[in-house]
Structures are given as structure tokens and as C-alpha cells.
Amino acid sequence: MKKEITLTIASRDYVITIDDEEFARVLERDLGGFVGDKKFLSPKELLDAFVQKCYDSYSDECVLRDISKDIDRILKVKR
Numbered sequence: 414m415k416k417e418i419t420l421t422i423a424s425r426d427y428v429i430t431i432d433d434e435e436f437a438r439v440l441e442r443d444l445g446g447f448v449g450d451k452k453f454l455s456p457k458e459l460l461d462a463f464v465q466k467c468y469d470s471y472s473d474e475c476v477l478r479d480i481s482k483d484i485d486r487i488l489k490v491k492r
């Protein structure tokens with residue numbers, strides 16, 4: 414089921430149509446962390462949200478890389 418989310422950024426409305434209902438819930442939850450109860454963002458808030466998500470992604474990649482290295486090390490020891 415498609416879901417539409419409307420964001421107002423710098424007094425302009427943007428409608429985002431999302432096919433995945435679970436992703437729509439996650440997006441609304443994550444946006445709520447940046448905007449709270451209001452339904453609009455300033456360009457600075459949008460940029461802050463983007464930078465935070467980029468950092469979160471970077472941190473996740475670092476953790477995955479460390480886990481992968483640990484798995485490789487363990488598999489090499491068992492051979």
C-alpha cells in the first residue's frame with residue numbers, strides 16, 4: 414500500500430510517495446526525531462538531518478567492517 418508523506422521545507426511542500434509501508438513508518442519516525450511535532454523543516458534542519466544520517470550510515474559500515482574482519486579471522490583459525 415502506498416503512503417504519502419508531506420514535508421514543508423522553506424515554505425514549499427514536497428510530497429513523498431512511498432510504496433513500502435514499513436519504510437514509511439521508519440521515515441516518519443526518523444523525521445520526527447529532527448522536527449518533533451511540527452511538519453516543516455528549515456533548510457538547516459534538513460541539512461543537519463542529512464549529515465546525521467550520513468554519520469549513522471558511516472558508523473554502521475565501520476561496525477560491519479569490524480564484524481567481517483572478526484569473522485574472517487575466526488574462519489582462518491578454524492582451517
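Counting from 414, one number per residue, gives the positions in the sequence shown under the numbering used here.
Ideal placement from N, C-alpha and C gives every residue a C-beta, glycine not left out.
- The Cβ atoms of Ile429 and Thr419 sit closer than 9 Å to each other.
- Its Cα nearest to that of Tyr427, the residue Lys452 stands out among Lys452, Gly445, Lys415.
- Looking at the DSSP output, Tyr427 bridges to Leu420.
- Pairing Arg425 with Val448, the inter-Cα distance amounts to about 16 Å.
- Here Ala462 is near Leu444, since their CB atoms are less than 9 Å apart.
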